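Asks: Positions in the sequence shown are counted from 1; adding 66 to them yields our numbering. Got a structure for you, questions after.
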Amino acid sequence: MEARLFLPLLFKRFANLNTLNLKHFLDHRNLDDLLNQLSNFPLKLTSLKLDECYFPTDGLQALSQNITTLTSLSCYCVYFFENSLTDIVDCFPLLTKLIIYFPLVAYDNQTNFVNTIHRLLSKSPCIQHLELCHITSLNDQHVVDFSLFLGNLVSINLCGGYLTETTFFSLVRNCPLLTEIKMENTCIGKETVGHSGVYPQLNSLYLGTNYWLIDEIIIMFTSIFPNLQLLDLTRCSQISEGICQVLKKCCKLKHLNLAFCSKVKLHGMNFAVPELEVLNLSNTSVDDETLSVISKNCCGLLQLQLDNCKNVTEKGVEHVVENCTQLREINLGDIDVSDENRELLLRRGCRIC
67 MEARLFLPLL FKRFANLNTL NLKHFLDHRN LDDLLNQLSN FPLKLTSLKL
117 DECYFPTDGL QALSQNITTL TSLSCYCVYF FENSLTDIVD CFPLLTKLII
167 YFPLVAYDNQ TNFVNTIHRL LSKSPCIQHL ELCHITSLND QHVVDFSLFL
217 GNLVSINLCG GYLTETTFFS LVRNCPLLTE IKMENTCIGK ETVGHSGVYP
267 QLNSLYLGTN YWLIDEIIIM FTSIFPNLQL LDLTRCSQIS EGICQVLKKC
317 CKLKHLNLAF CSKVKLHGMN FAVPELEVLN LSNTSVDDET LSVISKNCCG
367 LLQLQLDNCK NVTEKGVEHV VENCTQLREI NLGDIDVSDE NRELLLRRGC
417 RIC
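See below:
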């Protein structure tokens, strides 16, 4: 049945609809037509997600004429024509969330596409959550420029690109409300950029799969972000025992992910880390000595992941069982643990994975 025949019944039935997810519209004319019809209904739509389709410029323009409540626009693997974004830069001034993830853009249109993102952000003063992921034509200078428009930004995700510390520091400098940065699979550490200042508002930092990231840079970050509560360094293969200094300086750290950091052992952690609740050591070189140190200094642990830790035996796990009495989840992977220790963990309410 064609969409225009059942839409009136659908929207009459769900008059309070505020979120719409549109996926796999391979003919952009059908999607434009759908949004045109949607614009005729008195809906208070706040969130629109487009997934694996062509960007419906005409439909969005029509939608913006009558539905002015849209605050969130998400585009996943969307194909953008030459002027797709250009024609909607003035349509949704109340946007607080914008996601453009892995856009499909013709090679000769990539520069224009990034410039249009700049224009769109300049017209969106309310943006709080921004994700621009896997946009290879996005460079440091682009971010430096548009960060000046993002005074209300709370979180940003720029994973998958060639961005460096220049981007990183321009964000913390120009966005005073920023609490979360995700720059996974970028080029953090490739360039050395001097920086001074302290930014206590930032509490979550995701820097996984940055192969140039070394201990010295992470230690420097701890001085700049004293209130860090979450640090994700998954697959940062150059990180080693410098992480002990991070734990010593970041006294508010609750969540630390070191999965696939093959050089990490944590033998030098001879101090208490009372706030740490979640620790992921999967696929690292930690051993029984590591777990002995952790059990003595991280007594507040709630979740511990040890999947594929080849150097850990039941002796190490026994240290955890004895001292980490608040533990609620432990991933043991292939570690052979006695029924007695398993039962003790279960009696304490700890889930074993």
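Note that beta-carbon positions come from the ideal geometry of N, C-alpha and C, so glycine has one too. Bear in mind that the values here come from a model prediction, so they are computed numbers and not experimental data.
If you follow the alpha helix (DSSP H) that LEU214 is part of, which residue opens it and which one closes it?
Replies: Numbered from its first residue, the sequence shown carries residue 214 at position 148. Neither: LEU214 is in no alpha helix (DSSP H) and is coded neither H nor E.
Asks: Would CYS419 be called buried (16 or more neighbouring beta carbons within 10 Å of its own) or exposed?
Replies: Along the sequence shown, read from residue 1 onward, the residue named residue 419 stands at position 353. Classification of CYS419: exposed, given that the 10 Å Cβ count is below 16.
Asks: Using the beta-carbon count (16 or more within 10 Å), is ALA128 buried or exposed?
Replies: The count along the sequence shown starts at 1 and reaches residue 128 at position 62. The residue in question, ALA128, is buried, as its Cβ has 16 or more Cβ neighbours within 10 Å.
Asks: Can you give me the Cβ contacts of ARG394 inside the same chain, cut-off strictly under 7 Å, excluding the 5 residues immediately before and after it?
Replies: Stepping through the sequence shown from its first residue, residue 394 is reached at position 328. Counting only Cβ-Cβ distances below 7 Å, and skipping sequence neighbours, we find LEU368, GLN369, GLY415, CYS416, ARG417.
Asks: DSSP on PHE146, reduced to helix/strand/coil?
Replies: Locating residue 146 in the sequence shown gives position 80, where the first residue counts as 1. PHE146 falls in the strand class under three-state DSSP.
Asks: Would you mind sorting LEU345 into buried or exposed? The rule is 16 or more other CB atoms within 10 Å of its CB.
Replies: Looking up residue 345 in the sequence shown gives position 279. LEU345 is classed as buried because its beta carbon has at least 16 other beta carbons within 10 Å across all chains shown.
Asks: Report the start-end ranges of each alpha helix (DSSP H) in the stretch 105-141 that is 4 residues or longer and not cut off at the edges.
Replies: 123-132
Asks: Can you tell me the Cα-Cα spacing of ASP211 and ARG413, whole angstroms?
Replies: As a working note, residue 211 is residue 145 in the sequence shown. As a working note, residue 413 is residue 347 in the sequence shown. Counting only the Cα atoms, ARG413 lies some 56 Å from ASP211.
Asks: Would you mind sorting PHE179 into buried or exposed? The rule is 16 or more other CB atoms within 10 Å of its CB.
Replies: Taking the first residue of the sequence shown as 1, we reach residue 179 at position 113. The residue in question, PHE179, is buried, as its Cβ has 16 or more Cβ neighbours within 10 Å.
Asks: Just the C-alpha distance for MET67 and ASP93, rounded to the nearest angstrom, thanks.
Replies: If you number the sequence shown from 1, residue 67 lands on position 1. If you number the sequence shown from 1, residue 93 lands on position 27. Caution is warranted here: a pLDDT of 44 is assigned to MET67, below 50, making its placement in the model unreliable, and no coordinate value can be reported.
Asks: Short of 8 Å in beta carbon distance, which residues of its chain neighbour GLU384, apart from the five on each side in sequence? Order them along the chain.
Replies: One-based indexing of the sequence shown puts residue 384 at position 318. Closer than 8 Å at Cβ, skipping near neighbours: ASN407.
Asks: In the structure shown, what three-state DSSP assignment does VAL386 receive?
Replies: By 1-based counting over the sequence shown, the position of residue 386 is 320. Note: VAL386 maps to helix in three-state DSSP.
Asks: Provide the residue(s) that pair with GLU307 in DSSP beta bridges, ordered along the chain.
Replies: To locate residue 307, count along the sequence shown from 1; it is residue 241. GLU307 is not bridged to any residue.
Asks: Is the beta carbon of LEU299 closer than 8 Å to that of LEU324?
Replies: Locating residue 324 in the sequence shown gives position 258, counting from the first residue. Locating residue 299 in the sequence shown gives position 233, counting from the first residue. Yes, these two residues count as a Cβ contact at 8 Å.
Asks: Is the beta carbon of SER113 less than 8 Å from the beta carbon of SER138?
Replies: In the sequence shown, residue 113 corresponds to position 47, counting from 1. In the sequence shown, residue 138 corresponds to position 72, counting from 1. Yes, the pair counts as a contact, with Cβ atoms nearer than the cut-off.
Asks: Under 8 Å Cβ to Cβ from VAL220, same chain only, skipping five residues before and after it: list those, please.
Replies: What you label residue 220 is simply residue 154 of the sequence shown in a count that begins at 1. Result list for VAL220: GLN194, HIS195, LEU243, LEU244, THR245, GLU246, in chain order.
Asks: Assign GLU395 to one of three DSSP states: helix, strand, or coil.
Replies: Residue numbering aside, residue 395 sits at position 329 when the sequence shown is read from its first letter. The answer is strand: DSSP assigns GLU395 an E or B state.
Asks: Could you tell me the alpha carbon to alpha carbon distance between MET335 and ARG239, rounded to whole angstroms?
Replies: Counting from 1 along the sequence shown, the entry for residue 335 is found at position 269. Counting from 1 along the sequence shown, the entry for residue 239 is found at position 173. Between MET335 and ARG239, the C-alpha separation is close to 32 Å.
Asks: Can you tell me whether SER190 is buried or exposed? The criterion is at least 16 other CB atoms within 10 Å of its CB, across all chains shown.
Replies: Residue mapping note: residue 190 aligns to position 124 of the sequence shown, counting from 1. That one is buried.
Asks: Determine, using beta carbons only, whether SER348 and CYS390 come nearer to each other than 8 Å.
Replies: For the purposes of this step, residue 348 is taken as residue 282 along the sequence shown, with counting starting at 1. For the purposes of this step, residue 390 is taken as residue 324 along the sequence shown, with counting starting at 1. For SER348 and CYS390, no; Cβs fall outside 8 Å.
Asks: I'd like the span of the beta strand (DSSP E) that includes HIS321, first residue to last.
Replies: What you label residue 321 is simply residue 255 of the sequence shown in a count that begins at 1. HIS321 -> beta strand (DSSP E) spans 321-323.
Asks: Report the option in GLU388, ASP117, ASN181 whose CA atom is closest to the CA atom of ASN87.
Replies: Residue 87 sits at position 21 when you count from the first residue of the sequence shown. Considering only alpha carbons, the answer is ASP117.
Asks: Quick one: grab the DSSP three-state call for ILE401.
Replies: Within the sequence shown, numbered from 1, the residue matching residue 401 stands at position 335. Three-state result, ILE401: coil.
Asks: Taking the beta strand (DSSP E) that LEU489 belongs to, which residues open and close that run?
Replies: Since the first residue of the chain shown is 67 and the last is 419, residue 489 is not available in this structure.
Asks: When you compare only the Cα positions, how much space is there between ASN293 and ASP174?
Replies: Mapped onto the sequence shown, residue 293 falls at position 227. Mapped onto the sequence shown, residue 174 falls at position 108. One C-alpha to the other measures close to 43 Å.
Asks: Would you kindly work out how many angstroms separate the C-alpha atoms of ASN102 and LEU268, rounded to a whole number?
Replies: Position 36 of the sequence shown, counting from 1, holds the residue named residue 102. Position 202 of the sequence shown, counting from 1, holds the residue named residue 268. Using only the alpha carbons, I get a separation of about 41 Å.
Asks: Could you have a look at VAL264 and say whether DSSP puts it in helix, strand or coil?
Replies: Working through the sequence shown from its first residue, we reach residue 264 at position 198. Coil at VAL264, not helix or strand.
Asks: Between THR182 and VAL264, what straight-line distance do the alpha-carbon atoms span, to the nearest angstrom?
Replies: For this step, residue 182 is matched to residue 116 along the sequence shown. For this step, residue 264 is matched to residue 198 along the sequence shown. Roughly 32 Å between the two C-alpha positions.
Asks: Distance check for ASN276 and ASP400, CA to CA, integer angstroms please.
Replies: Residue mapping note: residue 400 aligns to position 334 of the sequence shown, counting from 1. Residue mapping note: residue 276 aligns to position 210 of the sequence shown, counting from 1. The alpha-carbon atoms of ASP400 and ASN276 are separated by roughly 28 Å.
Asks: Which of the three DSSP states is assigned to ARG417 in this structure?
Replies: Looking up residue 417 in the sequence shown gives position 351. ARG417: strand per DSSP, three-state reduction.
Asks: In terms of residues, what are the limits of the alpha helix (DSSP H) holding ASP353?
Replies: Taking the sequence shown and counting its residues from 1, one reaches residue 353 at position 287. ASP353 -> no alpha helix (DSSP H), and no H or E assigned at all.
Asks: Should SER404 be labelled buried (16 or more other beta-carbon atoms within 10 Å of its own) or exposed?
Replies: Counting from 1 along the sequence shown, the entry for residue 404 is found at position 338. Exposed, by the Cβ-count rule.
Asks: Within 10 Å of its beta-carbon, does ASP98 have 16 or more other beta-carbons around it, so buried, or fewer, so exposed?
Replies: Here residue 98 corresponds to residue number 32 of the sequence shown, with the count starting at 1. Burial call: buried.
Asks: Going by beta carbon distance, what residues of the same chain come within less than 7 Å of ASN82, once the five residues before and after it are set aside?
Replies: If you number the sequence shown from 1, residue 82 lands on position 16. Excluding residues within five positions, none has a Cβ falling inside 7 Å.
Asks: Based on DSSP bridge pairs, tell me the residues matched to LEU164.
Replies: Locating residue 164 in the sequence shown gives position 98, where the first residue counts as 1. Paired residues: LEU139, LEU196.
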